[in-house]
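What follows is a set of notes on a single structure, which appears directly below.
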Amino acid sequence: MTLLDRMIVRTLPAVPRPVVRRISERYIAGTELSDACRVVERLNGRGKMATIDVLGEEVTRPDEARAIACEYEDVFQTIDRQHLDSNVSVKLTALGLKLDYELCRENVEIVVNRAAESGNFVRVDMEDSSCTDDTLRLYRDLRDAGHENLGVVLQSRLRRTVDDVRGLAPLQPNVRLCKGIYIEPPELAFQGHEEIRDNYVAALRALLDAGCYVGVATHDDFLVDRARQVVADHGCGSSDYEFQMLLGVRENVADRLVGDGHRLRVYVPYGRRWYEYSMRRLQENPKIAGYIASDTFGRILSVGRDGSNR
Ligand code: FDA
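Using this note's numbering, you'd call the opening residue of the sequence shown number 293 and step up by one each time.
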């Protein structure tokens, strides 16, 4: 994490809201479900699948958590009505994990049951390490209760991840594998770039060995290339895995993967709490602020050079 990243984060609260909004526009579909659906329709038209996330983390009251669970009802209705190729992602803290485990479980079950009515699927995002045990517990509980249309996320930053893969293997979970966005202490997490990559590849191999469907969530060229090799070595067909990327990030890499015949899903967050979401993401991991700043300047320079905004 560079000094520049830290400086960018420290000055963020002083950045006027409209400017933050302008910058986050590429990464967040908008405030309304209709915004998300427009984005998903466009992505589907380019051969990409989507996963829609209703923004809203760390709710403080049970009724807020229930309201978010109920908002997914509208999401599934609209996905069905518009024939969109999209599943959904949920954050357990938005569904009440920090308030009460049972409340959260009920809320996730509402979403999962609604998804099942449409033959759809729910991905439980992974949050910081204070949530890992409860997230995996809830995932197991719901699988034990017979819910099959549910997947989880593992983070290669965490030292425990390959053990978690082994522990979950009998369930053959559908796993999104990512590096992990949260800064974690050295006793829990690898700190070096290379170690996180190595653990990613080890976890990917372990997941495929266990016969799991994997969502390879990364924009890292090195890992994209390694994943392509690993799935080929495992003899996977194109329906045995998918690549996943965040909205607005490295679209050229995503286009190339689709062009080469890989399945690719884009994470599409929307909601009124876009400002809190953007600020928290940036403050949690200043590296992201660095990426966005360099990407934004890169675009400005490219407009300046040839007069177009590609
Ligand atoms: P890396 O950080 O090395 O990025 C590679 C390159 O991609 C960078 O050099 C930069 O060019 C570009 N880039 C990456 N992120 C960018 C950004 N935000 N803006 C602009 N450019 C960016 N994490 C988590 O803890 N729990 C979760 O549930 C999820 N869910 C999730 C879903 C999906 C679909 C994706 C793609 C990612 C997540 N993540 C996540 C985030 C993930 O853990 C990780 O923080 C980011 O993907 C960045 O890591 P990369 O593997 O892309 O590598």
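Ideal Cβ placement from N, Cα and C applies to all residues, glycine included.
Could you tell me the alpha carbon to alpha carbon distance between residue i and residue j, rounded to whole angstroms?
i	j	result
aspartate 377	alanine 502	27 Å
arginine 489	lysine 471	8 Å
glutamate 623	leucine 450	Only positions 293 to 602 of the chain appear in the structure, and residue 623 is not among them; the question remains open.
arginine 338	arginine 557	11 Å
arginine 452	leucine 480	8 Å
arginine 353	asparagine 336	36 Å
arginine 565	glutamate 317	13 Å
isoleucine 475	serine 448	12 Å
leucine 389	leucine 428	12 Å
histidine 439	tyrosine 569	29 Å
glycine 459	arginine 542	33 Å
alanine 491	valine 454	Note on residue identity: the sequence assigns asparagine, not alanine, to residue 491. Roughly 8 Å between the two C-alpha positions.
arginine 518	valine 380	27 Å
proline 478	valine 445	21 Å
leucine 539	glutamine 483	26 Å
cysteine 528	valine 506	11 Å
leucine 434	valine 307	42 Å
valine 346	valine 522	33 Å
leucine 463	aspartate 547	32 Å
alanine 408	arginine 497	29 Å
asparagine 571	aspartate 512	It should be pointed out that residue 571 corresponds to methionine in this sequence rather than to asparagine. Between methionine 571 and aspartate 512, the C-alpha separation is close to 23 Å.
serine 600	tyrosine 319	Confidence in serine 600 is poor, its pLDDT being 33 and thus under 50, which makes the residue's placement unreliable; the coordinate value appears in the next sentence. So the alpha carbons of these two residues sit roughly 21 Å apart.
asparagine 466	proline 305	38 Å
valine 331	valine 493	31 Å
leucine 515	asparagine 441	27 Å
threonine 343	glutamate 333	12 Å
Exposed or buried, residue i, counting other C-beta atoms within 10 Å across all chains shown (16 or more means buried)?
i	result
glutamate 324	exposed
histidine 554	buried
glutamate 394	exposed
glycine 443	buried
asparagine 544	exposed
threonine 265	The structure shown does not extend to residue 265, since the chain is modelled only from 293 to 602, so the question has no answer here.
aspartate 456	buried
valine 508	buried
phenylalanine 368	buried
valine 311	exposed
arginine 373	exposed
glycine 563	buried
glycine 437	In the sequence on display, residue 437 carries alanine and not glycine. The residue is exposed, with fewer than 16 neighbouring Cβ atoms inside 10 Å.
glycine 411	exposed
Residues in the same chain with beta-carbon distance under 8 Å from residue i, minus the five sequence neighbours each way, listed in chain order, please.
i	result
threonine 385	Glu349, Glu350, Val351, Glu419 and Cys423
proline 425	Note that residue 425 corresponds to aspartate in the displayed sequence, not to proline. Within the same chain, aspartate 425 has no close Cβ partners at all.
serine 531	Arg555
arginine 302	none
lysine 340	Ala546, Val550, Leu556, Arg557 and Val558
Might you give, ordered along the chain, the residues of its own chain that have their beta carbon closer than 6 Å to the beta carbon of residue i, omitting 5 neighbours on each side?
i	result
methionine 299	none
leucine 500	His526
glutamate 614	The requested residue 614 is not part of the displayed model; the chain covers only 293 to 602.
glycine 322	Tyr562
By alpha-carbon positions, which one of the options ends up nearest to residue i?
i	options	result
cysteine 362	Gln374, Leu515, Asn405 and Leu463	Asn405
valine 403	Asp392, Leu515 and Lys383	Lys383
alanine 461	Ala495, Ala437 and His439	Ala495
proline 561	Pro308, Pro305 and Ala328	Ala328
glycine 551	Gly563, Phe535 and Tyr559	Phe535
leucine 430	Cys396, Tyr559, Asn441 and Val414	Cys396
aspartate 392	Thr370, Pro465 and Glu356	Glu356
Under 7 Å Cβ to Cβ from residue i, same chain only, skipping five residues before and after it: list those, please.
i	result
arginine 609	This structure does not reach residue 609, given that the chain is present from 293 up to 602, and the question cannot be answered.
tyrosine 533	Tyr505, Val506, Val508 and Val523
aspartate 567	Inspection of the sequence shows that residue 567 is occupied by tyrosine rather than by aspartate. Closer than 7 Å at Cβ, skipping near neighbours: Arg309 and Val312.
threonine 370	Leu325 and Cys329
Subject >> Inter-stretch contact (C-beta, 8 Å, three-pair minimum) for the region 468 to 486 and the region 411 to 425 >> reply: yes
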